[in-house]
Each structure stands twice: as C-alpha cells, then as structure tokens.
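Data block below; observations after.
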Amino acid sequence: MVCGLEFKMIDLKEIIRKHEIARAPVGKGRSAAPFLVLTLSALVLVFGVALSSFARQEDPSGGTVSLSPHERQWLDRHDGQIRIGITVIPPQILLGDDGYKGLSIDYIRLLERKLGCRFELAPYPTWNEVIQAARERRIDMIFAAQETPERLHYLLFTEPYIELPNIIMVRKDKKGGADLKEMQGWNVAASEGSAVHEYLRREFPDLDLRPVADELSGLRKVSLGEVDAMVVEISRASYHIEKAGILNLRVAGDAGLLYRLRFAVRNDWPELRGILDKGLAAFTAGERREINRRWIVVGDKSFIASREFLISLLAGLGVVVLTIIGAIVWSRTLRRTVKQRTAQLQRELAERKQTEEALRNTYEYTQNLISSANVMIIGLDASGDICMFNTFAEKITGYTMEELAGIDWFEKIVPKDRYAQVWETFRNYREKSGTIPPTFENSILTKSGEERIISWQNSSITAPGQPISTISFGMDITERKRIEEALSTSEAELRALINAMTDVIFVCNSEGRYLKIIDTSSSLSYKSPKEFLGKTLHDIFPKDQADFFLNYIRQALNTQESVNFEYSLSIENNEIWFNATISPMSDDKCLMVARDITERNLAEQERQANLKLLESLDQVNRAIQGTDHFEQMMSDVLDVMLAVLDCDRAFLMYPCDPEAETWQVLMERNKPEYPGVLKLGIEMQMDPDVAETLRILLAADGPVKFGPGTPYALPADVSQRFGFKCFMSMAIHPTGDKPWQFGIHQCSFAREWTPEEERLLKEIGRRLADGLTSMLMYRDLQESERRFSTLVNQAADAFFVHDMEGRILEVNRTACESLGYSMEELLEMSVAEVDAEFITHDHVKNFWGKLTPEQAVTVEGRHKRKDGTTFPVEVRLGLLQLEDRQVVLALARDITERKSAEEALRQLNEELEARVNERTSELENKSLQLYDSRQALMNLVADLNENTAQLALANANLQELDRLKSMFIASMSHELRTPLNSIIGFSSIILDEWLGTLNEEQKGKLAIVLRTGKHLLTLINDVIDVSKIEAGKMETTTEEFDIQDLVGEVLELVKKEIEDKGLSLVVETSSINLHTDRRRLFQCLVNLLSNAVKFTEQGLVTVKTTILYEVAAPAGRDLLQITVSDTGIGIASADQPRLFTPFTRIASPLKERVKGTGLGLYLVKKITEEILQGQVGLESIYGKGSSFFLKIPLSTNREGGKDENRPGG
Amino acid sequence: MKTVLVVEDNQDNLELISIALKRSGYKVLSAETGEMGVEMVIRERPYFVIMDIDLPGIDGFEATRRIRTSEANGDIPIIAMTSFAMSGDRDRIMAIGCNGYFEKPINPLTIVDDIHKILEELRR
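Taken in sequence, the protein lines are chains A and B. Under our numbering, the first residue of the first sequence carries the number 390, and numbering increases by one thereafter. Under our numbering, the first residue of the second sequence carries the number 6, and numbering increases by one thereafter.
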C-alpha cells in the first residue's frame, strides 16, 4: 500500500461524502481532477485495506457447511422441490433475457452452492402475490424479505443475508456531507409508505419530508433541484441512477437505517431455516463482496460491508489518515473556486437553453405549418437547388426532397416537350426583373409519369442564416383545368346530340306554357312545333292529360329534381308510349324530354317473360348449387317449382322404372289445400297405369303432359287417390343412377300447360339431372376424399404435395410431427426449407420435370426439422396431373433407424471382412503347412497300404494254413483212429486168449502193443479236442445226471489200475443232481483220476464232492467242488504255473515210465472254464502229493438251476 | 441160434465184432452198405442189428429210418456204432429209432455184455 502513506487521517463519512458515483465521467471538469485523484487514491487505499482485512478474516475452511445427518437427509429429500416465490424487485430480482438475475438471485445461487441443493424459482407478478402464495403454502420459501410481525404467523425468518443501508443522495453541486440530525428544514424526499419514510417521519420530525411515489421520481426531483436530498436504500438508488442515467447525484451520508433482507421459510419447516442459517453462516466476506460489487455501483463498497470490516478498515486507516490532511485542505480551497465558476457557467447555460427552446418552438410550429399545408411549398437556395419540399409537394410529385436535391430537378419534373418553353419564360423574366415570375402555370411530370397542372406563386425572400432564397407555393389545378376543358367540349357535343335526337324536347314554365321547342329530328310529334309555342298544355291536350303533365312539371320545379314518368297518347289511332323526363332549369322553367318507347315496351314485355324464365331457372340453379345437402336441394327446387309455375303439387319420384316393383316419392311440395299425398319414403306398389306413364316418360325427350286435352290419360288409380286433374312430368337421368321422375300436379282444375311452362319444366328438369349427378358424384367424391384423407393423415409416412416451384400445398400430420412444424407453417413453406440437401431450384426443378405420372421414383435424402436437426429419409416421388397443372406428390419415410442399422451392419461387415481376411491368411498358412503334412501323411498311408496289402496277403495265407491245419487234424484223426480200432481190438482178444493160448513172452509183447495203441488213441483224441477248443468248435450237450453215478463210471475205468498198483481209494460223494455237459465232466475227471493214479506209487487216491454254498451266488449258481487228491510225487511250486499249458510235461522221476501227451491238464482247464463254466486249481506239496479240484456250477442253464437240484433240499 | 446183422463197411471192424458175437453164440450176418442192410433186415429178421453210421451209399441214419418205417420190422433192436462224435449225434441217433449206441473203437471184450444190457433195458 504505497499510496496509503500519503494520507494522514481520514474519516469514513468524509470518504463517502467525497465519493461521487462511480460512473461520473472523470474528465468533465478540469477543476475536479485533483479531487478525483484524491478520491480515487482514497478508494484504492480503502479497497486495499478492505481486501487485506478480508483476506485475514476469511475462514480458512473456505465457507463449508456442516449439516447434521438429519438436516442433510431432510435436504436430500426435498432437493429440487423447494419452491421460492419471487417477483421482480430491482435490483434484488431482475428479469433479463437469460432469466432471473439480481442481487438476491446471486445470494440464492451462492446458497445453493453452499448447501449443494437446488431451489425452484416460482415467479409471481407482484410481491403481494408472493406473500399471498407463501401464506397459502403454495411456495415454501421467500427471500429479499423483511421480518414483520404479521409474517411471523406463517414464516420463519433466517438471519439476514444482506444488510442494505439507506443513504442520503444529494446533487453533486450540494457541498459537504449530510447528517440527518443537522438537516433541519431540508426538503427530503422519501418513497411514500416505505420503511425509510416511516423512519424519517418518526426519528427526524424537523425534516421537511417530501413523500414521492417511487425512488426514481424522488431521485429525479433531487437531480432537478426540486428537493434537497433523498433518503433511499442503496441498491435501489444504484439501480435507478444507473438505469435512468442520472449523472449529477452523489452519496452524501448514511441515514442510519439498515434494511435487513432475510430468507423466510414456511413455519412448519424449521429444519429448512436451520439449514439456511448454516448456509448463510458459511458465506465468506469475499463472496458477499463479489456479489455486492456486481449490483451496487453507487457509493463506496465499504458502505455495505460488515461491521467487522468497518472496524478493521478504521484500524487500517488510522495509520495513514494524517498524511492526507494537507492534501485535503489544499484541494478544498481549489474546489470551492472551481465550484463557484461552474455555478456561474451553469446559470448562463440555462438562460441560453431557454432562448433556444423558445426558438425551437417557433421553428417547430413553422415546420408543422409547412408540412401540413395543402399546398406545395418548395424552397430553393441561391443556386436553385431545392432546400425545402413539404409533404404536400411530395404527395403531388411523388418525389421526396432527397430525390430531387442536388440534381437538375427542373428537368426532372418539367415535361420534356415543354421544358424549353418554360425555361425560356424563366430566363426572360429573370433578365427583365432579376427574379422569377411571381405567378405562372405549368405542367409537371410526377414520379409515376402523370402530368399535373400547377399554378405557382413565387416570392424571393432574404432571411439571414436561412439558405432559402426563393419560395414557391404551388396549387394543383389539374382538375379545374380538366373541367374547364370538358365544359367547352360538351357544348359542341350537345349541339350535335340534339340534332341527332329523335326525342321531343321543349321548355315549359310552371303554368305549362310552352316557351321553347327544341328542334330535334323527331318524327313523332303530336303536332308541329309551331303549334305548341306560346300555348299551354291545356290548350293542346285534354284536361286530364294536361293536368297529368302539369302535375309532374310542378313537382320537378318544386323539388328542383328531375322527374321521370311514362304515358301513352293516341296518335292516329295508334297507342304510342312515351317516356318523359322533366328537369328543372330554374325556379320557373323546366325542360321536358319525351321519347317514343312503344317498341321498347313491346320488347320489354318479351324480355320480362324471358326474364321470368331465367329468374326461375336461376332460382332453381341457386337451389341446386346452394346446398350440398341432397334433400335440401330437392326441397328448394320443388319450392321454386310450386312458386314459379303456380301448380298445386311438385314432386320427385324414384325410380322412373316401369320394371321396378315399387316406387316412392322422395320429395314433395304442395299447396296447403292439396295436402301431402305421399309421405316421404313410403314405397308404393307399381300398378300398370303408373308403369305405362313411366314408359311414356322414358320414351319422351322432355316433359310430357297428361290429362284432358293431351294424348295421354292420367293413371287412374293414382290420380283418383291423390286428386290431380292433370299433370306434367319428365324423366330425368342423373349419371350413375336410375332415372327419376320429376313432375307437377294440378288438382284445382284441368290446367292447360303453356309452352313456356313446358320449357321451364324441361330446363328445371335438365338442371335437376345435373344437380343430382353432381350431388351423387359429390357424395362419392366426399366418401373417397374422406377415405383418402384418413389414409393420408394416418399414414406412417410423411406426405407432401408441392407444385413445380416447390411450394408446399398439402401435408399430413406425420409430416408436421416429423419436421416439428405446425401444418399452417408448413403450408407457407417450400421444399427448399425442408430438404436439407436441397441444391438449387434449377436442379430440383429439372429433377421434378423428369417425373411422370406413370412411374414413381424413390430417392434418399435428408429432411431438416424446425430445430435445424436433420434426419435421413427415403422419399417416394410421383407426379400428379391435376386438371390445370402438375404437382409433385412425395411420401417421405424416416429411415434413421434403417440407416443406423445399415451403418452398423456395414461396420460389422467390414470388421468381419477384416477378421475373415486375417483368418483366411492364417488359414492359408496353416493350409500350406497342412498340405505338407498331408503329403507326408499320404506317403505314409501309401506305405501302410502297401504293408497292409502284404499283411492281408500274409493273413490270407495264415488263414488258409489254419484251415488246412484243421482239415488235416480232422481227417487225420479219423483216419488214424480206424486202424487203431483194429490194433486195440485184435490185440485185446488175442491177449485174452480167445484165439488160442499164448506163452508168457507172447502175452508180454502183445500187452505192449495194446498199451501203446491205447496211448496213441488217447493222444489222437486229445489233439482233436485241443484243436476243437482252440477253434471254439467244441460242441456242448447238457443233460441231467447224478454226480455219484458219474464218479462211479470214472472209477470203473481206473479201478483195475488202482488195484494193480495196490493203492487205496477213498470216495466221499453223495447224490447230487447236475445239469451240465456230462461227457466233458467225465473226460475231466478221467484225466485227473488217471493222473492221480499214474503219479502215485503208494498211499491213497481220494475223490470227494462238496457243494459250496455261496451267499452271494445267484440262485442255481451254487458250486460243486470235486477234489481228486493223491499221495503221489507232488508238483514243485515253481512248476505249478505252467502245469496247465499245452504240451507241458514236468520233469519227474516217473517221467520216463509214465506215458503222457502233455495235453491232459490243458484240456481239463480249457473244458472246465469254457464248457463247464467253472474253475480248476491245485494244491500240491512236492514229494507229498497233489490235490486237484474243480469248482463248477450245479447248472450251466442260463436261466438258473432248480431248487430240487440241491441235495437234501 | 439167434441171427444178428452187422452193417459195417470196414472189414477189419466187421471181423472183430463178428468174433465177439460168434463167441457168444450168435449167427452173424453182415452187410457192407445201408441198402443191403435194410434188405437183409427185411429178409432175415435178425435178433438185433449193429449199424455203422458212416456208410457208403445211404448212411446209417437213413438205413435205420427205412427199417423203422417198415411195419414188420419196427421193433428190431438197432444199436448204432459211430467212429466220430459230432454235435448232436447221440440225440440224433436215438431220435431216429436206434436203441443203443457205441463209439469206436469198441472194446471186443465187453461189447456183447454191453449189448445184452441194452436189450435187457428194452425188454423191461
């Protein structure tokens, strides 16, 4: 604050006093400059100090609001729904182009920011209505409000959000500060009824209070010096001064009254008041200052600062005030001098203004006079240029002054052919007298090319300071001239006319005396003109006739108006009709013109007849055209018929068809005395008479008359029933419908219809047919049109009809909706405004020109909505050939969605294509690799195929070999066994000495043959069995048998050998029924038992059967265990695993002695497992003996065994 | 002295059986073919017939069937003799009317006793 050091001491009020309104132009008076410099310096200082003090004061928390959870919840619940009533109170609340603004609005917005919520503004026209709304709870909150006791009934008031001081405003030329305490006798204005008015009245009774209607008028009064000061609230003062542009006011002091503006909320919402108070508390001084500065420009900003600010300001100022005093003293002196001089100058200026005003009034008066005069007033300056040209001159010439100024106006307004002559006149006169002629007449040419004759009056004037040297007054005398001209012409014409006239013309006086007979070429005079002259009417005509004429003459003379009348005279036994006009020439004289109208009258009668026909027809036409309503039309026509033809009944009957079964009269009009014969819509049965009538009508080409004096009889029944004595009727043929009958009845007498009536009926009938046709067509058309318009209006597509210039003629609702225009708007528009892609008129006209009615064209384009947005459309255009012109019919479909779908599809396709391409190249690479792999694979396959072929060949060979082997075995076994039969058989009987005794040696050797033979047989049998089993061809036969029997048979075979070896045999068996392959079980047991005997030298052989009941076994699948044990050599455990393999013979001490094939146990295992469905096993201790066992099911029957198979069951 | 007929084409076997039968006091007739066997049964009406199944011409099955269909000889015991066991042979042999059945090689020492056992069974 460098500048602050220059001041020593300053008083706040002093600053206020010194501070004129901020907008005061600085450079207005040079003498004020030092003062202003000082003031501004002071302001800078004040603001600097203020700013620094605010900066210190500012809440470091930055003005946040801490609401309680309850309050926050309440606010969230009501956010956006709190309605604030507002009305325009400048500058608290103003309505600008961009909505509501103002001091209080800014505070509301600040409050919204603080609280993080939105208030809804509810505007009302007046403050009273706002208050009323608050009272009725239509709004929740008001602001810019002051607390009053009445309002406390329904409102809760917050702390003030702004305090606005009332200030004392004075004229700038009023010196010094102002303090209400020291203003006794001052005229002080205050807004009437305002709080400040009341305050002043109460607190300062010494003041001369001048209530004013409003602030602005008060401030104006101060400005004009009508009052000394005004006390007014600062923001209002600021607003009005700025608005009205009042420059000569300043703030002179504080009135000591603060307006505290508060928010107020409905009193059932105390939460809101709490919340608002918290929000207000969070306003920082900086924020308040920012808002105030925006809206209050009068006075010092510090004026409305908070008390804290004022204190800190004073403190800050105290440091520097002393430095200022010197400057103040100096500036005051200087200022006083300047003020005095200024006042003097202002006085002078005021006087001068008064004079000027008077002058201006005179001038304006003159101007008004000139411009409103009904005479052309043209002023010329010394060089002849126009410098004055009044309104009338403009009106007459058609030119304005500007158009004529600075050019050769003379040439422009004087007609070419007279230009030279006029100019000559002027020049001559000027040469003679040095001025222009004072009066003259000439023609001028108006702007529109019309010639007018003007009579001019000119005068030269010399007025000091005025540019006008000549002033001309011009009268438009064109009409007058024209009449004069016409008059002279008409005189000559009149003469010619009279000569040509055939009328009788004479002049009479009021007594009917002929004064003058005009000699016309009339050939029809009653008598020669000479006989009339000097005589009276009564001398010439019979008294009646004479009185008749005289009466008219007197009437004309009395009324001084022409009288027209007609009369007839018998001249040479011919009745001649005259038309006479008597025109007054003076009070006593009149002119009578009589014209022979005999022929005219005859023609007139003819004409009248025609006229009546035409009028009747016209009535009929009007009846037909006058209504769209069918019944109404018919009814009107029939009314006309009745009236015009004066018949008793007129009717319309349908159908005029003799073949129809019924007919009905659809419409009927009748005279009251011949009442309604047929009620509307009643159907009548067709009778032969009526049918005949109809036939006659259909055959005729026009009306047909029926009844007496005509060739046609009346239909008997109908005419009797409905009492008509004659009738005339015709068939009418509307297009597209059956014929109708149209006719008239006469009931009162047997009327003879005149040819005119016949003609009329025919004409009416013809028109009626036309009317009916168009009515029926119209009905069809209406129907079709209604269908069409329904279709068009309900169409989903926008529908336009426009002409070849693009002007829109018709649209449907969809068109309006899609474009956002009203139908009225669209009908005023052209295609160019709707088509967003409209290029040029020529372009589209060319396009439309190519359309044909036969083929519609579909194009795509964009339409533009009222809001300027566009959308894609598909338009189907067709040419519609109307009667007199062509129009374009366009159906536009909004294809936004289709377009976006297409676009989406296109993008998708592109993406897909890209991906496909990518994939394709990948696949191509892969494919190449695969191709290589495949090639390798094919090579491999080829190799494999080759190998397979070889293998297949080998396999076939093997199979062949296998077959050969089987064949070999089968045949060999048979072939081998047959000779063995002989060997075994014969050696048996020889050894049994059937053929003679043998010695011991013979017996011994023969026994070897027998034994070897038997062994060979066993060998062969085993080989056969093995080959069968291995080939899966072992046949199986199941049968029922007792195991005890089987064991017995087996023992038979080995009994002899057991006995021979001296072994003991133990059999532990019982009767058990088996159902299995007996033969194979037998074979197994023989094998095991003979093995046991074979390998046992001493001890015992045991055969044992046991049933193994197994809980888990299915019914009938209980097992039989057959055990064959011996006390023989046993089998080493190492040899046991290969015991059951074919061709295995275990090395043993007995091996050499015991014959064996090595197939026996193999066969046992195979048979047990595959035929008997059992198992074989052994337990053996080498050197101690072996125990072989079979475990086989009691029954191989798949369905299960029977209970009785169980022993002891 | 009872006459029996052996239908057998193998001479060795025929002789062996004949020896056994003659030793037991039977008069042994023989036929080498099935046709001849049938003819001899009809003509000679033997006490029983030993019929080889595997014969040239009509086989033992056919011969047995013909003997059984001849009314007069319907009840002559026929004992079949087969050199190989085929699947279902035994059932087939018994089904066509044979009364007994032996497998080759026969045991000449026991065959006559075995035949007598069969005949006794029949008689019971």
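We treat Cβ as the ideally placed atom computed from N, Cα and C, and that holds for glycine.
Do the stretch 819 to 827 of chain A and the stretch 729 to 748 of chain A touch if we need at least three Cβ pairs shorter than 8 Å?
-> Not touching, per the Cβ criterion.
Determine the closest residue to residue 1375(A) out of 1496(A), 1553(A) and 1402(A), with distance taken between C-alpha atoms.
-> 1402(A)
What residues in its chain sit with their C-beta under 6 Å from that of residue 441(A), if we drop five residues either side in the sequence?
-> In this predicted model, residue 441(A) has a pLDDT of only 42, less than 50, meaning its place in the structure is not dependable enough to derive any value.
For residue 412(A), collect the residues of the same chain with a Cβ closer than 6 Å to its Cβ; drop the 5 residues on either side in sequence, then sort them by chain order.
-> Any answer about residue 412(A) is weak, because its pLDDT of 37 lies below 50 and its placement is not dependable; what the coordinates show is given next. Cβ within range, chain order: n/a, list empty.
Does the count of Cβ pairs from the stretch 1002 to 1010 of chain A and the stretch 1087 to 1105 of chain A closer than 8 Å reach three?
-> Because the criterion of three Cβ pairs below 8 Å is not met, the stretch 1002 to 1010 of chain A and the stretch 1087 to 1105 of chain A do not touch.
If you draw a straight line from the alpha carbon of residue 756(A) to that of residue 775(A), how long is it in whole angstroms?
-> 16 Å
Check whether the stretch 1416 to 1436 of chain A touches the stretch 1446 to 1464 of chain A, taking contact to mean three or more Cβ pairs, one atom from each stretch, closer than 8 Å.
-> yes
Among 772(A), 773(A), 771(A) and 777(A), nearest to residue 360(A) - alpha-carbon criterion = No answer is possible for residue 360(A): it lies beyond the span of chain A, which begins at 390 and ends at 1598.
Hey, residue 1552(A) and residue 1443(A) are a contact pair by Cβ (cut 8 Å); roughly how many whole angstroms apart?
-> Rounded, the Cβ-Cβ distance is 17 Å, inconsistent with contact.
Taking the alpha carbon of residue 470(A) as the point to measure from, which residue in 635(A), 509(A) and 1156(A) has its own alpha carbon closest?
-> 509(A)
When you check each C-beta in the stretch 16 to 30 of chain B against every C-beta of chain A, which residues fall closer than 7 Å?
-> 17, 18, 21, 24 and 28
Using 8 Å as the limit for Cβ to Cβ distance, is residue 114(B) near chain A?
-> yes
Determine, using beta carbons only, whether residue 92(B) comes closer than 8 Å to chain A.
-> With a pLDDT of only 48 at residue 92(B), under 50, the local geometry of the prediction cannot be trusted, and the value read off the model is given with reservation. So yes, residue 92(B) belongs to the interface.
Is the Cβ-Cβ distance between residue 101(B) and residue 66(B) less than 8 Å?
-> yes
Exposed or buried, which one is residue 973(A) when buried takes at least 16 other CB atoms within 10 Å?
-> buried
Run of the alpha helix (DSSP H) containing residue 338(A), from where it starts to where it stops | As displayed, chain A neither begins before 390 nor continues past 1598, which places residue 338(A) out of reach and without an answer.
Return the CA-CA distance between residue 538(A) and residue 483(A), expressed in angstroms with no decimal places.
-> Taking the straight line from one Cα to the other gives about 27 Å.
Considering only the beta carbon of each residue, do residue 1477(A) and residue 1494(A) sit closer than 8 Å?
-> no
Residue 455(A), DSSP secondary structure in three states | coil
Verify whether the separation of the beta carbon atoms of residue 611(A) and residue 559(A) is less than 8 Å.
-> yes
Out of curiosity, what's the CA-to-CA distance linking residue 1037(A) and residue 1115(A)?
-> Rounded to the nearest angstrom, the two C-alpha atoms are 10 Å apart.
So with Cβ pairs under 8 Å, would you call residue 1363(A) a contact of chain B?
-> yes
Go through its chain and collect everything with a Cβ distance to residue 1128(A)'s Cβ below 6 Å, but skip five positions before and after it.
-> Counting only Cβ-Cβ distances below 6 Å, and skipping sequence neighbours, we find 1045, 1120 and 1122.
What is the residue span of the beta strand (DSSP E) that residue 1521(A) lies within?
-> Careful: residue 1521(A) lies outside any beta strand (DSSP E) and carries neither H nor E.
State the DSSP-derived secondary structure class of residue 1581(A), mapped to helix, strand or coil.
-> strand
Should residue 627(A) be labelled buried (16 or more other beta-carbon atoms within 10 Å of its own) or exposed?
-> buried
Residue 1485(A) and residue 1449(A) look like a contact to me (Cβ under 8 Å); what is the Cβ gap, rounded to whole Å?
-> About 12 Å; that fails the 8 Å criterion.
In DSSP terms, what residue 953(A) is bridged to | Residue 953(A) pairs with 970(A).
Do we get a CB-CB distance below 8 Å when we pair residue 1471(A) with the residues of chain B?
-> no
Beta-carbon spacing of residue 1560(A), residue 1467(A) below 8 Å = no
Take residue 1064(A) as the anchor and find which of 1137(A), 1025(A) and 998(A) has the nearest alpha-carbon.
-> Closest in C-alpha terms to residue 1064(A), from the list 1137(A), 1025(A) and 998(A), comes 1137(A).
Would you mind stating whether residue 1022(A) and residue 1041(A) have Cβ atoms separated by less than 8 Å?
-> no
Which residues in the same chain have their Cβ closer than 7 Å to the Cβ of residue 1085(A), if we skip the five residues on either side of it in sequence?
-> If we look at residue 1085(A) and ignore the five residues flanking it on each side, its Cβ neighbours are 1093 and 1101.
Near-chain B residues of the stretch 1335 to 1369 of chain A (beta-carbon distance less than 7 Å), N- to C-terminal order | 1363, 1366, 1367 and 1369
Between residue 420(A) and residue 636(A), what straight-line distance do the alpha-carbon atoms span, to the nearest angstrom?
-> Low local confidence applies: a pLDDT of 41 at residue 420(A) is under 50, so the model's placement there is unreliable, and no value is given.
Where residue 1177(A) falls, given that 16 or more other Cβ within 10 Å makes a residue buried = exposed
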